[in-house]
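Okay, structure first, notes after.
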Amino acid sequence: MEQKTIMIKGMTCDHCKSAVRTALLELDGVSAVEVHLEEGNADVTYDSDKVAASDLNEAIEEQGYDVES
Numbered sequence: 083m084e085q086k087t088i089m090i091k092g093m094t095c096d097h098c099k100s101a102v103r104t105a106l107l108e109l110d111g112v113s114a115v116e117v118h119l120e121e122g123n124a125d126v127t128y129d130s131d132k133v134a135a136s137d138l139n140e141a142i143e144e145q146g147y148d149v150e151s
């Protein structure tokens, strides 16, 4: 398992936090997500054999948020 912190722009409320968390947990290989609204990031624990880091970013962007590289 790997852990990655993803910087996310555009989250402003609990709904944003929930949308990002749900989108990431729906990906096969993601086992845990902790979204930090105040810091504007998410800590994601995932199996890199099942899901790529780019897939994590894409799932967030599909919810309407920007991922900082």
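First residue of the sequence shown? That's 83 in our numbering, and the numbers climb one at a time after it.
The beta-carbon is built from N, C-alpha and C at its ideal position, and this holds for glycine as well.
Just so you know, these numbers come straight off a predicted model, no measurement behind them.
- Q145 has no beta-bridge partner at all, per DSSP.
- Under the three-state reduction of DSSP output, V102 falls in the helix class.
- Linking K99 to D131 through their CA atoms gives a straight-line distance of about 26 angstroms.
- For M93, no pairing in a beta bridge is given by DSSP.
- Within the same chain, A141 come within 8 angstroms of E108 by CB-CB distance, once the 5 residues on both sides are set aside.
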